[in-house]
Each structure stands twice: as C-alpha cells, then as structure tokens.
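Chemist: Residue numbers (the working numbering): 98 to 284. Every residue gets a Cβ at the ideal spot worked out from N, C-alpha and C, and that includes glycine. Because the structure is a prediction, the values reported are computed rather than measured.
Take a look at the structure:
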C-alpha cells in the first residue's frame with residue numbers, strides 16, 4: 098500500500114512510486130540481448146522486451162521496497178483456458194525467476210476464465226507448476242450463478258480441476274465464500 102507521498106521522516110520510509118521509474122533502459126537492453134541470443138531479430142527482440150521490461154522493473158521495485166519476507170506473486174487472468182497465454186505467462190515467470198523476483202504463481206479464477214475444457218485447463222495448470230517449479234495459487238475466485246446450487250457446481254469445476262492436477266499438492270485455492278455457499282446448500 099502506497100501513500101503517494103515522497104519518503105521522509107514523517108511518513109517513515111518508502112511509500113512513493115514514480116511511475117516513470119517503471120521504464121529502465123538497462124533492463125530493456127538486457128532483455129533485447131537475451132531475446133536476440135534466443136534467435137529473435139533485433140526488431141522482434143526490441144518489441145518483445147517492451148512488453149516485459151516494465152513488469153520486471155515493477156517486480157524489482159517491489160522486491161526493493163517490501164520486507165524480505167514478502168512473497169512476490171504473478172497474478173494474471175484468462176490463463177489456464179488458453180495455451181498461448183499460459184506460454185506467455187510461463188515465459189514471463191521464468192524471466193522474473195531468473196532475477197530472483199518471483200516466489201509464487203497466481204492466476205485469477207474469474208467465471209469467464211474457468212469455462213474452457215477441463216483437459217485444457219488441467220494441461221495448462223500442470224505446465225505452469227512443472228515448468229516454473231512455483232507454488233500455484235488460484236486468486237480472485239469469483240464465480241457467480243443464477244442459483245446457489247449452480248454457483249456451487251461452477252465453483253467445484255476449477256477446484257476439482259486443480260485437485261486433478263499432477264502438481265495438486267502445490268496448487269492452492271483460497272476462497273472463504275465457497276465454504277459459506279457449500280454450508281448453505283448442505284444445511
């Protein structure tokens with residue numbers, strides 16, 4: 098949480114982020130070189146670096162500002178139902194991991210992003226866990242339904258998919274609301 102005031106003795110430390118600091122020419126240059134070494138042309142590498150550099154810099158700022166006990170997590174929507182978005186997220190996660198900037202991997206469990214085929218979601222979930230080696234969290238699990246029973250069944254779908262994952266012991270679903278809905282239907 099940032100107070101948007103420059104750090105000083107009165108507000109006890111860094112609470113100010115200057116948005117312009119998210120662009121760092123050194124990070125951009127490093128990424129361009131890395132992508133060129135992986136076979137991309139200079140224009141392709143430059144374009145790709147522009148998509149990732151500000152994210153890497155934001156994570157670096159977070160690592161610098163927050164206590165060392167703070168776990169940094171990737172958190173994106175519309176991932177496990179799309180192989181191409183999963184590929185992109187894994188690539189970004191690896192870039193962040195190589196710099197020591199990522200501790201966990203999160204994907205948002207919105208209703209619109211958990212309606213794909215279970216097999217595809219399961220495959221993407223397993224790839225995220227196995228290719229990054231990170232614990233995987235379902236974040237922002239917010240699934241609605243016209244009735245409580247339909248909502249419960251729609252909640253169970255991503256939950257059961259996560260439990261079927263080969264990496265299930267490293268997949269975490271946090272949802273207090275789900276327990277409340279289940280209890281209401283059982284009673």
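Return helix, strand or coil for residue 118, following the three-state DSSP convention.
Modeler: In the chain shown, counting from the first residue as 1, residue 118 sits at position 21. Residue placement at residue 118 is poorly supported in this model, since its pLDDT is 47, which falls under 50; the coordinates still yield a value, given next. It is helical.
Chemist: Quick test of the definition: if touching needs 3 or more C-beta pairs under 8 Å, does the stretch 129-137 touch the stretch 159-171?
Modeler: Segments in contact, no.
Chemist: Compute the Euclidean distance between the alpha carbons of residue 188 and residue 231, then round it to the nearest angstrom.
Modeler: Your numbering for residue 188 matches position 91 in the chain shown. Your numbering for residue 231 matches position 134 in the chain shown. Cα to Cα, residue 188 sits roughly 13 Å from residue 231.
Chemist: Using a Cβ-Cβ cut-off of 8 Å (strictly less than) and excluding sequence neighbours within five positions of residue 118, which residues of its own chain qualify?
Modeler: For the purposes of this step, residue 118 is identified with residue 21 of the chain shown, where counting begins at 1. The predicted model places residue 118 with a pLDDT of 47, which falls under 50 and marks its position as unreliable; any figure quoted below should be read in that light. Answer for residue 118: 154 and 158, listed in chain order.
Chemist: Taking the beta carbon of residue 146 as the centre, do at least 16 other beta carbons fall within 10 Å, making it buried, or is it exposed?
Modeler: Start at 1 with the first residue of the chain shown, and residue 146 comes out as number 49. Result: buried.
Chemist: Work out the CA separation of residue 212 and residue 161 for me, nearest whole Å.
Modeler: Sequence index remark: in the chain shown, residue 161 carries index 64 (1-based). Sequence index remark: in the chain shown, residue 212 carries index 115 (1-based). Those two C-alpha atoms are separated by around 38 Å.
Chemist: From what residue to what residue does the beta strand (DSSP E) around residue 172 run?
Modeler: Reading the chain shown from its first residue, position 75 is the one you call residue 172. 170-173 is the extent of the beta strand (DSSP E) around residue 172.
Chemist: State whether the stretch 173-188 contacts the stretch 238-254, with contact taken as three or more CB pairs (one from each stretch) at a distance under 8 Å.
Modeler: They do not touch, by the three-pair rule.
Chemist: Just mark residue 227 as buried or exposed, buried being the case when its beta carbon has 16 or more other beta carbons within 10 Å.
Modeler: Position 130 of the chain shown, counted from the start, is the residue given in the question as residue 227. Exposed: under 16 other Cβ atoms inside 10 Å.
Chemist: Spatial neighbours of residue 152 within its chain, please: C-beta separation below 7 Å, excluding the five flanking residues on both sides.
Modeler: If you number the chain shown from 1, residue 152 lands on position 55. Correct list, in chain order: 189.
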